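The numbering of the sequence shown is the numbering used here, which starts it at 6 and goes up by one.
The beta-carbon is built from N, C-alpha and C at its ideal position, and this holds for glycine as well.
Bear in mind that the values here come from a model prediction, so they are computed numbers and not experimental data.
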Amino acid sequence: MADRSRDWMRQAEADLRHARNSRSLRDFEWACFAAHQAAEKAVKACFQKLHAEVWGDTVSLMLSRLSERVAVPRAVVERAKILDKHYIPARYPNGFEEGAPTDLYTSEEAENAITIAGEVIEFCKGVLAG
């Protein structure tokens with residue numbers, strides 16, 4: 006398997022930039038989803054670097070699996086659980102009893118998701134550098 010970790014990390018950083026842009030546009034649900042995507046791709050970059058495979062979209066579970074290969078701070082896994090909750094409800098109205106995600110997501114949630122995604126990316130950059 007070719008090492009595509011740099012490609013995955015570049016896309017993770019682009020997704021985080023998209024999250025920030027979405028927050029600026031007040032598209033808070035998209036900011037949360039893009040932050041999740043950024044973290045997911047950063048973790049997948051780590052697996053690429055280690056020549057290992059991982060499937061799925063649950064960032065916290067992937068980080069837990071990564072901890073079998075490298076030391077992953079428990080706090081990073083726990084904070085990733087917050088991002089995992091944005092994977093589906095941020096995009097689909099049936100994630101809630103009533104209302105569209107665009108009506109329900111807040112600036113604070115977007116800011117928090119962006120911060121957490123940045124933390125995951127920074128952790129993953131350390132893994133790639135090691």
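Asked                                                                                                                                                       : Found
Measuring CA to CA, which of E127, P98, A76 and G135 is closest to L21?                                                                                     : E127
Would you please state the rounded distance, in angstroms, between the beta carbons of M14 and A50? I believe it to be under 8 Å.                           : 4 Å
To which residues of the same chain is D32 closer than 8 Å at the C-beta, ignoring the five residues directly before and after it?                          : T107
Identify the continuous alpha helix (DSSP H) that holds W111 and give its terminal residues.                                                                : What sits at residue 111 in the sequence shown is Thr, not Trp. Taken as a continuous stretch (DSSP letters only), T111 belongs to no alpha helix (DSSP H), as it is neither H nor E.
Note down, in chain order, each residue of its chain lying with its Cβ closer than 7 Å to the Cβ of A105, except the 5 sequence neighbours on either side.  : P98
Short of 8 Å in beta carbon distance, which residues of its chain neighbour V125, apart from the five on each side in sequence? Order them along the chain. : A43, A44, A47, V48, V64, L68, V81, R84, A85 and L88
Thinking just about the alpha-carbon of each residue, which of G100, V75, P78 and T111 is nearest to the one in C37?                                        : T111
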